[in-house]
Amino acid sequence: MHEIKIAEDLSLIILEEAARAELSVVTKVNITFGQMVAIVPHIFEFAFRETVRGSIAEDAEIEIEVVPLKMKCKDCGTAFLVSESLFACTACGATDLELLEGKELFIKSIEGE
Amino acid sequence: MEIKIMKNILDRNQNKAEEVRNLLISKKVLMVNIISSPGAGKTTLLEHTCEVLNPVLRIGVIEGDITTDRDALRLKKYNIPIVVINTEGGCHLDSHSISKVLNSFDLDNLDILFVENVGNLICPSQFDLGEAFKIAVVSTTEGDDKPAKYPMLFREAKAILLNKTDLIPYTNFSMTSFRSDLKKINAGVPLFEISCTKGDGMKEWYEWIKGQILFHDGISGNDLLNSSKRESS
Chain E
1 MHEIKIAEDL SLIILEEAAR AELSVVTKVN ITFGQMVAIV PHIFEFAFRE TVRGSIAEDA
61 EIEIEVVPLK MKCKDCGTAF LVSESLFACT ACGATDLELL EGKELFIKSI EGE
Chain U
114 MEIKIMKNIL DRNQNKAEEV RNLLISKKVL MVNIISSPGA GKTTLLEHTC EVLNPVLRIG
174 VIEGDITTDR DALRLKKYNI PIVVINTEGG CHLDSHSISK VLNSFDLDNL DILFVENVGN
234 LICPSQFDLG EAFKIAVVST TEGDDKPAKY PMLFREAKAI LLNKTDLIPY TNFSMTSFRS
294 DLKKINAGVP LFEISCTKGD GMKEWYEWIK GQILFHDGIS GNDLLNSSKR ESS
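Chains E and U supply the protein sequences, listed in that same order.
Just so you know, we're using my numbering here: the first sequence kicks off at 1 and counts up by one.
Just so you know, we're using my numbering here: the second sequence kicks off at 114 and counts up by one.
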C-alpha cells in the first residue's frame, strides 16, 4: 500500500513541474524503481490514476523502468546482479556486500505540450 | 516536449526527515524506528524495555497505529511521554507526521524516542522518519522465511530482534535457516534472540540499546555512569 503515498507525491511533482514548464497537458511520465523498493506496478498505476484524476496529467501514460538489484562484494570486489532474494557474491560466496543499484525511486522526466 | 526532472519521488518525505534528524541530533535524542508485522511483539518489547530502562534513561514513545490508543494505554503505567499517531487506514508513518508531534515532547529532557511504526513489513521500511536507525522485530511464529521474503527491511535494520523464542518447540521454525538467510541479507547485523514474556536474551538487548545512546550522544560510558544528563532532569 506504500504505492498510494508514492503515487501521491509523484503526482505533486508532476503537476508542479508541468506548471513551471507551462504545459497544458502531460502525456507521459517516465519513472525508475529499484527492484528492492517492491512496488507492484498495477497497484501503483491504479493509485496514480486516482491521484491525477481531473488534472492535466489525467491521461498520462506511465513508463516504469525497473532497475535490478546490483551488489558489490566487499571481500573480492566483484560486482554482480542479484538473481534471488538471498545475497551472496557470485565469485567468492561472501555475504558482506555493498548495494550499488536497486533502491532507486525517482522521476526521470515528463512529456507533454 | 520532454522535461527532464531526475528527482527522488519521496523528496518531500526525505527533506522533512533530514529536518527531524538534524533537530534530534542537536537535542541528543536517539530516535529508533521499530518495524514489525502486527503481533510480533513491538509493544511488549517496549513494555519490558520501559520497565527496565526507565529508571536510568529518559524514554519517550510515539505510537503509530491505524486506529485506537490501545498500545499507548499499555505503556501509560511507566509514566513516560507518549504520543499516538492514528494513520486512519495509512499503512506506515511518514516524516511529516513525526515532525508534527515532536513539539509535544520536551526534547531537552529525553535520551531516547522509540517510534512504534504501524505493523507492516513492507511499507514502513520505505519511509525515512528522520530516525537514527531502524530495528526489525520478527517472531518465531511468523516463520523462519521472513528475511528472505522482506529483504529491504532486514537489509536496512541496524538490529534484528527475534521474539517468542520460547515458542519454537510448538512451531516448525528453523533457527539454522533463519540465521543463514539473515546472514545472506545483512551479514554481521546484530541478532537478539529473545522472549519478551519470559525475559530470555533481553539483557543483551538492554545493554546494546544503552550503548547506542552513548555512541549517539558522543559521550563516554563514565559520563553516563555519572548520570550527568539524568541528574539535571
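Cβ atoms here follow ideal geometry from the backbone N, Cα and C, with glycine treated the same way.
By DSSP's assignment, Asn-135/U forms no beta bridge with any residue. Collapsing the DSSP output to three states places Ile-122/U in coil.
Using a CB distance below 9 Å, the part of the stretch 89-112 of chain E facing chain U consists of Ala-94, Thr-95, Asp-96, Leu-97, Leu-99, Lys-103, Glu-104, Leu-105, Phe-106, Ile-107, Lys-108, Ser-109, Ile-110, Glu-111 and Gly-112, ordered along the chain. If you compare the alpha carbons of Ile-326/U, Lys-316/U and Lys-297/U with that of Leu-97/E, the shortest gap goes to Lys-297/U. With the rule of 3 Cβ pairs closer than 8 Å, the stretch 228-239 of chain U does not count as touching the stretch 271-281 of chain U. Shortest Cα-Cα distance from Val-174/U to any of Asp-184/U, Ser-208/U and Phe-291/U involves Asp-184/U.
Contact check for Asn-230/U against His-209/U fails: the beta carbons are separated by 8 Å or more. Proximity to Glu-201/U across Gly-152/U, Asp-182/U and Ile-195/U peaks at Asp-182/U, based on C-alpha coordinates. Beta-bridge partners of Asn-276/U (DSSP): Ser-252/U. Where Val-165/U is concerned, the enclosing alpha helix (DSSP H) starts and stops at 155-166.
Following the DSSP letters along the chain, one finds Phe-267/U inside the alpha helix (DSSP H) bounded by residues 264-269.
Interface flag for His-209/U against chain E is unset, since no Cβ pair is found closer than 8 Å. When DSSP states are grouped into helix, strand and coil, Leu-327/U belongs to the helix group. DSSP, read as helix, strand or coil, puts Cys-73/E in strand. Within 10 angstroms of the beta-carbon of Thr-90/E lie fewer than 16 other beta-carbons, which makes it exposed. Checking the DSSP bridge columns, you'll see Leu-97/E partnered with Cys-73/E. In the same chain as Leu-304/U, and ignoring 5 residues on each side of it, the C-beta atoms closer than 6 Å to its own belong to Ile-273, in chain order. Here Lys-103/E is not bridged, per DSSP, to any residue. Within the stretch 143-229 of chain U, the complete alpha helix (DSSP H) runs of at least 4 residues fall at 155-166, 183-188 and 208-215.
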